[in-house]
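K.L.:
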Amino acid sequence: MKSVALHNLGCKVNGYEMDVMQQMLQEKGYKIVSFDERADIYIVNTCTVTNIADRKSRQMLHRAKKKNPDAIVVAVGCYVQAGGEEVLKDEGIDLAVGNNRKKDLVAILEKYMEEGPANSNRKTLEHTTIIDIGKTAEYEEMRLQETSGHTRAYIKIQDGCNQFCSYCIIPYARGRVRSRSQEDILTEVRGLAEKGYKETVLTGIHISSYGVDKGKPALLELLKGIHGIDGIERIRLGSLEPRIVTEEFARELGKLPKLCPHFHLSLQSGCDATLKRMNRHYTTGEYYEKVRILRRVFGDPAITADIIVGFPGETEEEFQETKAFLEKIKFYEMHVFKYSKRKGTPAAVMENQVPEETKASRSNLLLTMEKMQSKEFRETFLGREEEILFEEGKEIGGDFYQIGHTKQYVKVAKKSEKSLSNTIIAGKITKFLLDDIMLVQ
0 MKSVALHNLG CKVNGYEMDV MQQMLQEKGY KIVSFDERAD IYIVNTCTVT NIADRKSRQM
60 LHRAKKKNPD AIVVAVGCYV QAGGEEVLKD EGIDLAVGNN RKKDLVAILE KYMEEGPANS
120 NRKTLEHTTI IDIGKTAEYE EMRLQETSGH TRAYIKIQDG CNQFCSYCII PYARGRVRSR
180 SQEDILTEVR GLAEKGYKET VLTGIHISSY GVDKGKPALL ELLKGIHGID GIERIRLGSL
240 EPRIVTEEFA RELGKLPKLC PHFHLSLQSG CDATLKRMNR HYTTGEYYEK VRILRRVFGD
300 PAITADIIVG FPGETEEEFQ ETKAFLEKIK FYEMHVFKYS KRKGTPAAVM ENQVPEETKA
360 SRSNLLLTME KMQSKEFRET FLGREEEILF EEGKEIGGDF YQIGHTKQYV KVAKKSEKSL
420 SNTIIAGKIT KFLLDDIMLV Q
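Going by numbering that gives the first Met the number 0, the sequence shown opens with residue 0, and the numbers climb by one from there.
1) For the pair the stretch 205-218 and the stretch 376-390, tell me if three or more CB-CB distances fall below 8 Å.
2) DSSP puts leucine 438 in a beta bridge; with which residues?
3) Tell me which same chain residues have a C-beta within less than 8 Å of the C-beta of glutamate 285, skipping the five on either side of it?
4) Could you tell me whether the Cβ atoms of glutamate 390 and serine 420 are closer together than 8 Å?
5) Residues in its own chain within less than 6 Å of serine 119 by CB, not counting five upstream and five downstream?
6) Beta-carbon within less than 6 Å of glutamate 386's beta-carbon, same chain only, minus the 5 sequence neighbours each way: which residues are those?
7) Whose C-beta lies closer than 6 Å to the C-beta of glutamate 313 among residues of the same chain, with five residues either side of it excluded?
8) Considering only residues of the same chain and omitting the five flanking positions on each side of valine 409, which have a CB-CB separation below 7 Å?
9) Straight-line CA distance for glutamate 326 to leucine 293?
10) Can you find the residues in the same chain that come closer than 7 Å, C-beta to C-beta, to valine 176, ignoring five residues on each side of it along the sequence?
11) Within the same chain, show all residues whose beta-carbon is closer than 6 Å to that of leucine 258, passing over the 5 residues directly before and after it, in chain order.
12) Hey, how far is the Cα of isoleucine 231 from the Cα of threonine 199?
13) With distances taken Cα to Cα, identify the nearest neighbour of lysine 358 among Arg179, Met371, Glu320, Gly309.
14) Please confirm whether methionine 0 has its beta-carbon closer than 8 Å to some beta-carbon of chain D.
15) Mind pulling the beta strand (DSSP E) runs of 3 or more residues that sit fully within the stretch 377-411?
16) For lysine 1 and aspartate 39, I'd like the C-alpha separation in whole angstroms.
17) Determine the direct distance from the alpha carbon of isoleucine 302 to that of arginine 121, and round the result to whole angstroms.
18) I believe glutamine 267 touches arginine 279 by the beta-carbon criterion, under 8 Å. Please report the beta-carbon distance rounded to the nearest angstrom.
19) Are there three or more Cβ pairs, one per stretch, closer than 8 Å when the stretch 98-108 is compared with the stretch 65-83?
20) Can you tell me whether DSSP reads valine 244 as helix, strand or coil?
21) Lysine 155 and tyrosine 15 - do their beta-carbons sit closer together than 8 Å?
22) Assuming alanine 346 and serine 165 are in contact, meaning their beta carbons sit under 8 Å apart, how far apart are those beta carbons, in whole angstroms?
23) Residue ranges of each beta strand (DSSP E) run of no fewer than 3 residues wholly in the stretch 316-379, ordered along the chain?
24) Assuming valine 32 and alanine 4 are in contact, meaning their beta carbons sit under 8 Å apart, how far apart are those beta carbons, in whole angstroms?
25) Which of helix, strand or coil does DSSP assign to lysine 254?
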């Protein structure tokens, strides 16, 4: 029995795909071991969203080869897809598998082991499986039976993106929008519900585009289908494009009590001039109106966003516009990123690149704001009765607590040594236990 060590880099989509690949390997009799152990085969599900992600992908692959020079080191995913000749020349990689071929990983791996490398020093094109991702309309069908968690299951519903933001390599690494069939998604969710999973999170590269490649947007229809599945108690959405939020869309979402009032609305900047250079297709005024619509329908939903600071050409005045806009919105959480060049994107060659020290300063200011806004949002839950989906036990300050989340994804703790994992219990939130954990009775 050959041992396999897997390591995942990148987004929730990568995480879902890694779970499926591990599942496929286990079904074929491979022994899964920790990436820190000596293994016969190492598989790294790579990321390429920034140059730093590329470097981390290479480092993990080379680390595997150093751990066991005789092992087969397999690079999978986005770095492979975007890396081209660089991947072919890397002697630390034995086998390269691009996107839309992860479902064939086991067959590709076994074919490689049966035939052996063309020569002992490096792979050839025969030992890569990379398609022209920009020309395929095929959705790579992968189905998850179980996840590494016990309460929440991430479900991939689509792949690819048609937006071509000026800083992003993803449309080149993942291709155009390709939607998974609704029937297959519902089949997977039913199977997970039968195994006891209570919450499902819809994920993808651009889930707002679900169905557009088939002729019409279909996210709302899919949500209604999942809502009708017995056993599923919560539905959580991944990142949404602001333009999908209309009065009608929000009202229809409001009719689905299982839907969590937790919306990650893609933003990136609070300055219209910066958004234009980013090739984002909305203004701050339009974004603000989308938030107002969600708050009218859901009352006090959790609104979260990603923010990039130090985008090329971002002046101090533009940054101050962003800061003022973020103060106006009052997010629950903000994920703040310093702009990082990605070779192959228009932004990488733009003029007026922002110095690293300026990016760091601006990032620190927004992170401080984020902590304040997050605390203010959590404070609104004091004294409220909320339903909590508990997930795990944890010792805090010498006492044992059960940890879970509200529908708005506020983390809470209940003092109990008895496991409450995968149960939903209503309780009153009384105080802060830690800065990011509230106490429920």
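Heads up, the beta-carbon is just placed ideally off N, CA and C, and yes, glycines get one too.
For clarity, every value in this text was computed on a predicted model and none was experimentally measured.
P.N.:
According to the data block:
1) no
2) When DSSP reads this structure, leucine 438 sits in a beta bridge with Ala412, Lys430.
3) Pro241, Arg242
4) yes
5) Since pLDDT at serine 119 reaches only 39, below the 50 mark, its modelled position is unreliable, and the value read off the structure follows with that caveat. Closer than 6 Å at the Cβ level, and outside the excluded window around serine 119, lies no residue.
6) Ile423, Ala425
7) Excluding residues within five positions, the ones whose Cβ falls inside 6 Å are Thr273, Val353.
8) Arg377, Phe380, Met437
9) 18 Å
10) Excluding positions up to five away in sequence, the list reads Gln157, Gly159, Cys160, Asn161, His205, Ser208, Val211, Asp212.
11) Ile234, Leu252
12) 7 Å
13) Gly309
14) Any reference to chain D falls outside this structure, which holds one protein chain only.
15) 384-395, 398-404
16) 6 Å
17) Legend: pLDDT at arginine 121 = 42, less than 50; position of this residue unreliable, no value from coordinates given.
18) 6 Å
19) Result yes; three or more Cβ-Cβ pairs closer than 8 Å.
20) coil
21) It is a contact, given that the beta carbons lie within the stated cut-off.
22) 5 Å
23) 332-337
24) 5 Å
25) In this structure, lysine 254 counts as coil in the three-state DSSP scheme.
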